[in-house]
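First comes the structure, then the notes that go with it.
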Amino acid sequence: MLKKELLDILCCPKCRGDLAYNEPAATLTCKECRRVYPVKDGIPIMLVEEDKTP
Numbered sequence: 001m002l003k004k005e006l007l008d009i010l011c012c013p014k015c016r017g018d019l020a021y022n023e024p025a026a027t028l029t030c031k032e033c034r035r036v037y038p039v040k041d042g043i044p045i046m047l048v049e050e051d052k053t054p
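So the sequence shown is numbered by this note's numbering: it starts at 1 and just counts up by one.
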């Protein structure tokens, strides 16, 4: 579970868009460019190289 305060300050490293948190899938999805970033052990992996976009 990510805290709301953390979600409020995080943005997509590629386009700086807002992120949507999907807790069951443990991912953050950019609302602008649709890139998907994993969350591992409660830590967002915000590297463009780690993008899991289907």
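Idealized CB from N, CA, C, for every residue including glycine.
Nearest neighbour of residue i, chosen from the options [CA to CA]
i	options	result
K4	G17, M46, T53, E23	E23
C30	M1, P13, I43	P13
E32	C11, M1, L2	C11
Bounding residues of the beta strand (DSSP E) (the contiguous stretch that carries residue i)
i	result
L28	27 to 30
According to DSSP, residues forming a beta bridge with residue i
i	result
P19	The sequence given here places Leu at residue 19; Pro does not occur at that position. L19 is bridged to C30.
I43	K40
Residue i, enclosing alpha helix (DSSP H) - first and last residue
i	result
K40	Segment 36 to 40 is the beta strand (DSSP E) holding K40; no alpha helix (DSSP H) there.
L7	4 to 9
Distance between residue j and residue i (C-alpha atoms, nearest Å)
i	j	result
A20	E49	19 Å
L7	P38	14 Å
V36	I9	17 Å
T27	R16	17 Å
T53	R34	7 Å
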